[in-house]
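In order, the protein sequences belong to chains A and B.
Per our numbering, the very first residue in the first sequence carries number -13; after that it's consecutive.
Per our numbering, the very first residue in the second sequence carries number 6; after that it's consecutive.
The beta carbon of each residue, even a glycine, is placed where N, CA and C say it ideally should be.
All values derive from a computational prediction rather than experimental measurement.
Some notes on the structure that comes next.
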Amino acid sequence: MSISIINGRLIDPAHGIDDTLDLHIDGETIVAVGDAPAEFAAEEVIDARGCVVAPGLVDMAAGLREPGYEHKGTLASETLAAARGGITTVLCSPDTKPVIDNSAVVELVHRIARKLGQARVLATGALTQGLKGEMLAEMAALKQAGCVAVSNAHFPLASTLVERRALEYAATFGLPVFLRPEDRHLRADGCAHEGVVSARLGLPAIPSAAESVAVARDLALAEHTQAQVHFRTLSTQTAARMISEAQAAGLAVTADVAAHQLHLTEMDVDGFVAECNVSPPLRTLADRDALRRAVADGTISAICSDHKPHEPDAKQRPFPETEPGISGLESLLGLVLRLVEEKVLDLPTALARVTCGPADILGLPYGRLGVGTPADVCIFDMDRRWTLSAATMVSEGRNTPFDGWDFAGVITHTIFNGHVVYRATDSN
Amino acid sequence: MSSQPSHKLQLNEHGRLRHFLTIDGLSRDLLVQILDTAESFAALPGRPVKKVPLLRGRIITNLFFENSTRTRTTFELAAKLLSADVINFNISTSATSKGETLLDTLRNIEAMHSDMFVVRHAQSGAAHFIAEHCSPRVSVINAGDGRHSHPTQAMLDMFTIRKHKGDFTPLRVAIVGDVLHSRVARSQILALNTLGVSEVRIVGPRTLLPTEARALGVHVFHDLEEGIKDVDVVIMLRLQNERMDGALLPNEHEYFRLYGLTDERLEAAKPDAIVMHPGPMNRGIEMDSEVADGPRSVVLQQVSYGIAVRMAVMSMAMQSQADLAGGEA
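Given below as C-alpha cells:
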C-alpha cells in the first residue's frame, strides 16, 4: 500500500519541522517528506488541508490487561482504543496475569498484538519475579524476547538493596528501568492526597513526601549504579524539582507524567468521585502547575496516558475501595492539545512530549517522520472540536473523569506501519 | 464525573433534607431546624405514651456494615418512637463477607421496599455512595462512614450544647484527642462553625491531628491546658485502643499524662464549662472518672438527646419523600 498525505501542516518535533509539506508512504515506511520520489504513484491520497500531520503517538505506559484481566480490557479492545486515540506505539505494563516476567508471556503479547495490527505493542518486562519485589526477573531473556524496559509496575520492592541489585542487573543489559517513586510505608492505606480535601472527607491520605522520599532514594541509587532510570507518573512539585536538579547535575534520569495530572487536582475528588481515584493521587493546584512547567522546560520529557481500564464494578464502591486508574488512551491527545489551548505548551512541544520524547527515552526509532522510519502517522484537525463520551469509548474501560469534556483536534486518520487503522467517519 | 458533593446530593429541589450524609454544605437555618424539631421530640420518652404516628407504615432499615450496638439501638428506638417498622441488617457478618458487592446488597435490600436506610460503614464515602445509587424513594441517613462523617452524633452534641449554653455565637469549644481518625470530630467542627461559634479548637499531638487541620476552620493546640483555656465546652474524643501503640503514640500512660482530662486540668476552662464525650469512653485514658461522673459531665444527656435528634432527622427526611410523592405524608 502506498499513501500520499498532501497539503497538511506537517509537524515533526524530532526534526524541528513545522511546515506545509507532503508525506509519502510506501509499504511500512516513510519514503519522502516533501516532494514525492520520482515515479511514486500513491494508491491512496489523503488531503490533509487544514489538518496537522504528526507522528503517531508513543505512549510510555498503558495497562492493556491481557493476559489475565480480560474483564477489564483485551489487547483487541485496547489497541483499537489506541488507534482511535492516534497512538501507534504502546508500552504495556507488566502487571498482567501471569506477570510479564518470562519470554513466553512477552511472545504471547507480541504475537496477539501483531495479529491484531492496530498498534505496535512493546512489552515492559517485570523487574522482579512475579513483581513480588524480591528475586530479580530474567532480564536478559526478557530483553532478548523484545522487552524495551523493565519495571515493577506499582508494586514496591522489598528493600533498597533489592532496588540497587535490580538497577545494576538491568544496567548490565542496557535496559532502562521504570520506577514509580512511592514510599510504601508513607503511602500506607492511603487513597487520596494528604491535603485539604482528604482532611475534610476523612479519606486515608498519601503525603507528597511519599513521592519525594522515594525520588531521593532512587536518585541516589541511579547515581550509584549509573543505570538508566526513568521516573514514572510524577505527581508533586518537589519530585519535579529534585529531578530537574539531578539532571542539571549531570545525572541521565528522565521522567514522565500522566496526562490527567496536568489537568485535575485534589479538588476533583470532592464528592467522592471514584473516576478521580488514581495512583499517584491527584495533588494540589501548585503541584499541577509545577508539573506543567516541568513538561514545558523538558524536565519531564514524556506525557503518558497511564491507561488503566476497569470494569464498572471496580468503581462502583465507596471511594477507598475503588480501584485506582483512568481509561486514558482515547483522551491522551485531547488533554495534550488542551495544554496548547491553555498556552502551557506550543503545539510542536506538546506533540514532542507524546511522540519523540518518549521514543528518545527508550532509544526507539518511532515518534518521528523521517525518511526510512516506520510509517506511523496521526492526522488531526485543530479547528474541529469533539466531546468525549464515556458511553461511546472503544476501550473496555469507561472509567474516565473527562466524560463530557470538550476538546480541540478531531483525529481524522491514524496510520500504523503504513496501514490506515482509524479513519474518522460521521458515525465515529 | 458522576458523583456530586454531598451537600448537593442531600437536599431536594425544595431545599429540604432528602438524605443526611454530612454537615458539610448545610445551612445554619437547616441545622437550627433540626435542633428545633428535636426539641419537640425531646420530651416524648418521658411520657407514658412515648410514640407518635409520624412514620406509621414506613419501613426503616438499619444497614450496619460495622458493629455499633449503641448507635444502632438509638436509631432503632428513634424509628420505633416515630411508629416506623425497623429491620436490622448486620452486614459485616452477612452477604458482603460472602463476596457480594455493596451495590448487590443494596439492590437486594431495596427490593424489600424500605423507605429509609440508616447506614454505618468502615469506608469514608460509603453513605454517599449508597445515596447516589439507591432508589429516589429511599432516604439515607449516615450513621458513621469511615473517618468522614457522623452527622447525627454531631447534631446531638449541638443539641446538648444548646441545652446548656443557649446561644452558640459567643462560645469557645475545644475538641481533644484523635481528630485525625474521628468522623465525629469532623462533623462537630463543621456544625460548630456553621452555627457560628466564636472559636473551635482542636487539641492533641501532631500524630493525631490532620496536617491540613486549619483548612477545617479550627485553631490547633498541642498543649491541653492551653487548648482548653477559657473554653465553654470541652469535647473529649475516644482514643481507639488499637491506635495507642506503635507509631502514633508511645503508650496510654503518656497520652493520659499529656491529654487526659482531670479536675485539675479542667480548671483552665471556664468555671461553667461542660464536658462531653461521644462514647464509648476509656476511663483513665481520655478522662478521669472524677470528671466523667462529675457535675460538669453531660455524657449521659448526650445519649438520651441522641434519640430526639435522630427522630428529628428521620422525620424531616421522610417529609421530603412526601414532597416527591406529591404531598402525601
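Among the residues facing chain B, V199(A) is not included, as its CB has no counterpart in that chain under 7 Å away. Ranked by Cα distance from S(-12)(A), the options H246(A), A18(A), G71(A), A123(A) are led by A18(A). Nothing from the segment 268 to 297 of chain A brings a Cβ to less than 9 Å from some Cβ of chain B. Excluding five sequence positions before and after N246(B), none of the CB atoms of its chain fall closer than 6 Å to its own CB. Residue environment: L77(A) is assigned as buried (16 or more neighbouring CB atoms within 10 Å of its CB, all protein chains considered).
At least one CB of chain B lies nearer than 7 Å to the CB of V259(A). No Cβ of chain B is located within less than 7 Å of the beta carbon of R166(A).
In this structure, DSSP gives F80(B) a helical state, which the three-state scheme calls helix. Straight-line spacing of the CA atoms in I(-9)(A) and D33(A) works out to 6 Å.
Around the C-beta of L333(A), 16 or more other C-beta atoms lie within 10 Å, and the residue is accordingly described as buried. Annotated three-state conformation of L331(A) is coil, per DSSP. Shown here, S137(A) sits in a strand according to DSSP, grouped into three states. Here N113(B) carries a helix assignment [DSSP, helix/strand/coil].
Around V182(A), the beta-carbon contacts reaching into chain B at under 7 Å are E217, A220. From the beta-carbon of A185(A), the residues of chain B found nearer than 7 Å are P215, E217, A218, A220, L221. If you check each beta-carbon in the segment 174 to 198 of chain B against every beta-carbon of chain A, the ones closer than 7 Å belong to R188, R191. Interface residue (Cβ-Cβ distance to chain A less than 7 Å): F134(B) is classified as such. Rounded to the nearest whole angstrom, the C-alpha separation of P300(B) and I180(B) is 19 Å. Counted as a single uninterrupted DSSP element, the alpha helix (DSSP H) harbouring E231(B) occupies residues 229 to 232. By the Cβ-count criterion, H19(B) is exposed, with fewer than 16 other Cβ atoms from all chains shown falling within 10 Å of its own Cβ. Taking C-beta atoms as the reference points, L113(A) and N88(A) fail to come closer than 7 Å. Against R152(B), the close residues of chain A are G188, L189, P190, in the order they occur along the chain (beta-carbon pairs closer than 8 Å). In the DSSP annotation of this structure, the continuous segment of the beta strand (DSSP E) that includes N95(B) starts and ends at 90 to 95. I312(B) carries a helical assignment under DSSP once its states are collapsed to helix, strand and coil. Taking a C-beta distance under 7 Å as the contact criterion, V183(A) and D256(A) qualify as a contact pair.
Non-local beta-carbon contacts of E93(A) in its own chain, meaning distances under 7 Å to residues more than five positions away in sequence, involve A131 in chain order. Exclusion of the five residues before and after A40(A) leaves I(-3), L337, C364 as the residues of its chain whose Cβ lies within less than 6 Å of its Cβ. With fewer than 16 other CB atoms across the displayed protein chains lying within 10 angstroms of its CB, E29(A) is exposed.
Contact annotation: the segment 138 to 146 of chain B touches the segment 109 to 122 of chain B, with at least three C-beta pairs closer than 8 Å. Between L214(B) and I207(B), the beta carbon gap of about 6 Å places them in contact (Cβ cut-off 8 Å). Sorting A0(A), D204(A), R(-5)(A) by C-alpha distance to the C-alpha of D346(A) places A0(A) at the top. Contact annotation: I401(A) and V340(A) have beta-carbon atoms that are not nearer than 7 Å. At least 7 Å separates the CB of P310(A) from every CB of chain B.
CA-CA distance, S294(B) to M286(B), rounds to 10 Å. Counting only the Cα atoms, D183(B) lies some 34 Å from I312(A).
If you look at C342(A), you'll find it in the alpha helix (DSSP H) that goes 342 to 348.
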